[in-house]
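Peer 1:
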Amino acid sequence: MLKYLPGAGMPSGRAPIAFLLALAAAPLFSGTPPTYNKDVAPILYQKCVTCHRHGEVAPFSLLTYQDAAKRAGLIATVTKSRYMPVWKPEPGYGKFQHERRLTDEQIALLTEWARSGAPEGNPKDRPAPPSFAEGWQAGEPNLVLKAGKGYDVPADGPDKFQCFVLPLNLEQDSYILSAEFRPGNRRVVHHGVIYVDETGAGRKLAAASADGSYPCFGGPRVAATGLLGGWAPGTIAAPGDPQLSVPVKKGTDLVLQIHYHPSGKPETDTSAVGITYSGPPTKGKTSLIMLNTGIDIPPGESQYLAKSSVTLPQDVEVSGIFPHAHWLCKDMKVDAHLPNGDVTHLVWIKDWDFNWQGGYRYETPVRLPKGTRVEMAYIFDNSDKNPRNPSTPPARVTFGEQTTDEMAVAFLSVVLPSPADVPTFQREMRLSMLADQLEAGDLNRIRGRIPGLNAARVQEMMKMFDKNGDGKLDAGERAALIDFLRTMMSSPPSQPRL
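The opening position of the sequence shown corresponds to residue 0 in numbering that gives the first Met the number 0, with each subsequent residue numbered one higher.
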């Protein structure tokens, strides 16, 4: 490694130019070049082989020297550009488990190894390769639910997003310890997300299908009451925490959304979800769902900002985050503004790619005190310069679940001191989100936010609290409406609808 020694001095005159040219041409590592066994294998084992091994989604394995050496140049190229390994969150904006992002030093090492001819080195220096559990990673489940009877994926064409309804057939209220997604055909399964459906709406959507599925690009198309987890390439399932088992009501279904990517030949997939049950939790676990339903992006707008915020009614721990948008989003950030003025960064993805969305679990749960304001800010590019824009020419885009619609959503996994805290937390989060969305006085933003309120009822309430009759609610009128709804919502509500 080149170092500048204090007091060594720098050449003068024309010498600095020659010095800089020599510096640019010099190898990054002085002395013995890095070897596979000592330097490269540890990086590949830690960051790459979860996907790059036989039977996984990656097109080739990197478990052996032979595998890596013949692709040394490719490895150097894709890591230098940060195309691989895929890891979207920016460093310093949340510390997550199983982080695949390479350091600058690791990238330089891989580049130098390829430049030096990919030497193997002493076999004694090579660490033992990682072992991967066969079958269910989180342990043998109590119940296995299969997604259909074999879903056919064509050889080519656009990606498909299909939702499968998985009835739990519960005869009484129960508690789920873990829900593990197990892809059936990893050549075509890109990712999967498990939603909770207490409404039965998923069954109605799938009623016309023989395999109990229906197309669902943007989301599950049901009023999901939570997330049980998901899977993407590189995901490692973890055993559930008995303190945080998830209550599920009698009659609840799961809706499994699977993203399929054609492999170049006809394929069939039968993925599955493994459910493990548990006793009641000792802590409260719920989802804080942030969203902005007022998205209205004009054609040609390249810097459209969608924001939302909520204020926490009590101390919480955030254990994970799942940000979500569609094709036009290019930058997404979620921050927590603490009562003392400090800011805790929860996630920042400044090169959002719908094809590589995922959920992220924090290494250590993030503690946020009562009064913290959680803010979400997403930027969208609806110009013709956005190569991911699904509309040519660009068209007006509003909130929705279709390919040509957009979303600005963030799911936060929240842990509360007690299960008894969950109903109050859900109610206050719903009201905080509603207060934020009411600022524009847009009736469409309220629909579906409060159980039992249809559009006509919402209009009546808006008129009732619009004391000055200007068609909007000022700060005082909004506060009065929120207080009224808080009183009305005396029974525990379900979580916010999507």
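Cβ atoms here follow ideal geometry from the backbone N, Cα and C, with glycine treated the same way.
For the alpha helix (DSSP H) that contains Glu104, what are its first and last residues?
Peer 2: In the sequence shown, the residue the question calls residue 104 occupies position 105. Asp103 to Arg114 is the extent of the alpha helix (DSSP H) around Glu104.
Peer 1: Quick check on the burial criterion: 16 or more other C-beta atoms within 10 angstroms. Buried or exposed for Pro338?
Peer 2: Counted from its first residue, the sequence shown places residue 338 at position 339. The residue is exposed, with fewer than 16 neighbouring Cβ atoms inside 10 Å.
Peer 1: Could you check the C-alpha separation between Ala107 and Val39 for me, to the nearest Å?
Peer 2: Residue numbering aside, residue 107 sits at position 108 when the sequence shown is read from its first letter. Residue numbering aside, residue 39 sits at position 40 when the sequence shown is read from its first letter. Going from the Cα of Ala107 to the Cα of Val39 covers about 11 Å.
Peer 1: Comparing C-alpha positions only, which one of Asp334, His325, His323 and Ile320 sits nearest to Thr310?
Peer 2: What you label residue 310 is simply residue 311 of the sequence shown in a count that begins at 1. The option with the nearest alpha carbon to Thr310 is Asp334.
Peer 1: Leaving out five residues on either side along the sequence, give the residues of the same chain with a beta carbon under 8 Å from the beta carbon of Pro392.
Peer 2: Taking the sequence shown and counting its residues from 1, one reaches residue 392 at position 393. Cβ neighbours of Pro392 beyond the five flanking positions: Pro298 and Asp383.
Peer 1: Using 10 angstroms around the beta-carbon of Lys500, count the other beta-carbons present and answer buried if the total reaches 16, otherwise exposed.
Peer 2: Any property of residue 500 remains undetermined from this structure, which presents the chain solely from 0 to 497.
Peer 1: In the structure shown, what three-state DSSP assignment does Trp351 receive?
Peer 2: Residue 351 sits at position 352 when you count from the first residue of the sequence shown. If DSSP states are grouped into helix, strand and coil, Trp351 belongs with coil.
Peer 1: State the Cα-Cα distance for the pair Cys328 and Ser301, rounded to the nearest angstrom.
Peer 2: Walking along the sequence shown from the start, residue 328 turns up at place 329. Walking along the sequence shown from the start, residue 301 turns up at place 302. Those two C-alpha atoms are separated by around 10 Å.
Peer 1: Compare the C-alpha of Gly399 against each of His323, Gln313, Pro280 and Leu61 and name the closest.
Peer 2: For the purposes of this step, residue 399 is identified with residue 400 of the sequence shown, where counting begins at 1. Looking at the Cα atoms, His323 is the closest of the given residues.
Peer 1: Please report the residue range of the beta strand (DSSP E) in which Met375 lies.
Peer 2: Working through the sequence shown from its first residue, we reach residue 375 at position 376. It spans Arg372 to Phe379 - the beta strand (DSSP E) in which Met375 sits, taken as one unbroken run.
Peer 1: CA-CA distance, Leu176 and Gly278?
Peer 2: Here residue 176 is taken as the residue at index 177 of the sequence shown, counted from 1. Here residue 278 is taken as the residue at index 279 of the sequence shown, counted from 1. Their backbone Cα atoms lie some 8 Å apart in a straight line.
Peer 1: Go through its chain and collect everything with a Cβ distance to Gly229's Cβ below 8 Å, but skip five positions before and after it.
Peer 2: Here residue 229 refers to the residue found at position 230 when the sequence shown is read from its first residue. So the list reads Phe180, His190, Gly191, Val192, Ile193, Phe321, Gly357 and Gly358, once near-sequence residues are dropped.
Peer 1: Between Lys94 and Tyr361, how many whole angstroms is the CB-CB distance? I'm expecting something under 8 Å.
Peer 2: Here the question's residue 94 lines up with position 95 in the sequence shown. Here the question's residue 361 lines up with position 362 in the sequence shown. About 6 Å; that satisfies the 8 Å criterion.
Peer 1: Evaluate Pro163 with the Cβ neighbour count: other Cβ atoms within 10 Å of its Cβ, from every protein chain shown; 16 or more gives buried, anything less gives exposed.
Peer 2: For the purposes of this step, residue 163 is taken as the residue at position 164 of the sequence shown. In the sequence as displayed, the identity of residue 163 is Phe instead of Pro. It is buried - the Cβ of Phe163 has at least 16 other Cβ atoms within 10 Å.
Peer 1: Compare the Cα-Cα distances from Pro241 to each of Thr292, Thr397, Tyr276 and Pro422 and report the closest residue.
Peer 2: The residue you call residue 241 lines up with position 242 of the sequence shown. Answer by Cα proximity: Tyr276.
Peer 1: Report, in whole angstroms, the separation of the C-beta atoms of Leu142 and Leu253, which I expect to be a contact under 8 Å.
Peer 2: Taking the sequence shown and counting its residues from 1, one reaches residue 142 at position 143. Taking the sequence shown and counting its residues from 1, one reaches residue 253 at position 254. 10 Å between Cβ atoms; not a contact.
Peer 1: With a threshold of 16 other CB atoms inside 10 Å of the CB of Lys2, please say whether the residue is buried or exposed.
Peer 2: In the sequence shown, counting from the first residue as 1, residue 2 sits at position 3. Per-residue confidence for Lys2 stands at a pLDDT of 31, beneath the threshold of 50, marking its modelled position as unreliable; the derived number appears in the next sentence. So Lys2 counts as exposed.
Peer 1: Can you check DSSP and say which residues form a bridge with Val195?
Peer 2: Taking the sequence shown and counting its residues from 1, one reaches residue 195 at position 196. Beta-bridge pairing links Val195 to Leu253.
Peer 1: Threshold first: 3 residues or longer. Then list the beta strand (DSSP E) segments lying entirely within the stretch 159-216, N to C.
Peer 2: 159-166, 173-181, 188-196 and 212-214
Peer 1: Which class does Lys79 belong to by DSSP, given the choice of helix, strand or coil?
Peer 2: Residue numbering aside, residue 79 sits at position 80 when the sequence shown is read from its first letter. Helix.
Peer 1: Thinking C-alpha only, which one of Ser308, Glu197, Thr31 and Val195 is nearest Gly116?
Peer 2: Residue numbering aside, residue 116 sits at position 117 when the sequence shown is read from its first letter. Residue Thr31 is the option with its Cα nearest to Gly116.
Peer 1: Would you report the Cα separation of Gly470 and Glu459, rounded to the nearest angstrom?
Peer 2: In the sequence shown, residue 470 corresponds to position 471, counting from 1. In the sequence shown, residue 459 corresponds to position 460, counting from 1. Taken atom to atom, the span from the alpha-carbon of Gly470 to that of Glu459 is near 12 Å.
Peer 1: Assign Ile235 to buried or exposed, taking buried as 16 or more other Cβ atoms, counted over all protein chains shown, within 10 Å of its Cβ.
Peer 2: In the sequence shown, counting from the first residue as 1, residue 235 sits at position 236. Looking at its Cβ environment, which holds fewer than 16 other Cβ atoms inside 10 Å, Ile235 is exposed.
Peer 1: Report buried or exposed for Lys349, applying the criterion of at least 16 other Cβ atoms within 10 angstroms of its Cβ.
Peer 2: Sequence index remark: in the sequence shown, residue 349 carries index 350 (1-based). With fewer than 16 other Cβ atoms within 10 Å, it is exposed.
Peer 1: Where does Arg426 land, buried or exposed, given buried means 16+ other C-beta within 10 angstroms?
Peer 2: Here residue 426 corresponds to residue number 427 of the sequence shown, with the count starting at 1. Arg426 is buried by the Cβ-count criterion.
Peer 1: What's the gap between the Cα of Thr267 and the Cα of Pro312?
Peer 2: Working through the sequence shown from its first residue, we reach residue 267 at position 268. Working through the sequence shown from its first residue, we reach residue 312 at position 313. About 47 Å.
Peer 1: Roughly how many angstroms separate the alpha carbons of Ala394 and Asp330, rounded to a whole number?
Peer 2: Walking along the sequence shown from the start, residue 394 turns up at place 395. Walking along the sequence shown from the start, residue 330 turns up at place 331. Between Ala394 and Asp330, the C-alpha separation is close to 20 Å.
Peer 1: In the DSSP assignment, find the unbroken alpha helix (DSSP H) run with Gly475 in it and report its ends.
Peer 2: Translated into positions along the sequence shown, residue 475 becomes position 476. In the DSSP assignment, Gly475 falls within the alpha helix (DSSP H) that extends over Ala474 to Met487.
Peer 1: Can you pull the DSSP bridge partners for Ile296?
Peer 2: Looking up residue 296 in the sequence shown gives position 297. DSSP lists Val396 as partners of Ile296.
Peer 1: Tell me Leu226's beta-bridge partners as DSSP assigns them.
Peer 2: Position 227 of the sequence shown, counting from 1, holds the residue named residue 226. Per DSSP, Tyr194.
Peer 1: For Ile378 versus Leu304, is the C-beta spacing smaller than 8 Å?
Peer 2: Counting from one through the sequence shown, the residue named residue 378 turns up at place 379. Counting from one through the sequence shown, the residue named residue 304 turns up at place 305. Yes; because the gap between Cβ atoms is below 8 Å, this pair is in contact.
Peer 1: Under the assumption that Gly225 contacts Ser286 (Cβ atoms under 8 Å), give the Cβ distance between them as a whole number of angstroms.
Peer 2: Counting from 1 along the sequence shown, the entry for residue 225 is found at position 226. Counting from 1 along the sequence shown, the entry for residue 286 is found at position 287. Going by Cβ atoms, the distance from Gly225 to Ser286 rounds to 5 Å, so yes, they are a contact pair.
Peer 1: Once you ignore the five residues that flank Leu243 on each side, which residues in its own chain have a CB closer than 7 Å to its CB?
Peer 2: As a position in the sequence shown, residue 243 is number 244, starting the count at 1. For Leu243, where only same-chain residues beyond five positions count, the Cβ hits under 7 Å are Pro280, Lys282, Lys284 and Val414.
Peer 1: Based on the DSSP secondary-structure assignment, which residues constitute the bridge partners of Phe321?
Peer 2: Position 322 of the sequence shown, counted from the start, is the residue given in the question as residue 321. Phe410.
Peer 1: Rounded to the nearest angstrom, how far is the Cβ of Arg99 from that of Pro84, given a contact under 8 Å?
Peer 2: Here residue 99 refers to the residue found at position 100 of the sequence shown. Here residue 84 refers to the residue found at position 85 of the sequence shown. Indeed, because the Cβ distance is near 4 Å, the residues count as touching under 8 Å.
Peer 1: Cutting at 6 Å between CB atoms, please list the residues of its own chain near Gly144, excluding the five before and the five after it.
Peer 2: Mapped onto the sequence shown, residue 144 falls at position 145. Per the sequence presented here, residue 144 reads as Leu, with Gly not at that position. Result list for Leu144: Leu165 and Val272, in chain order.
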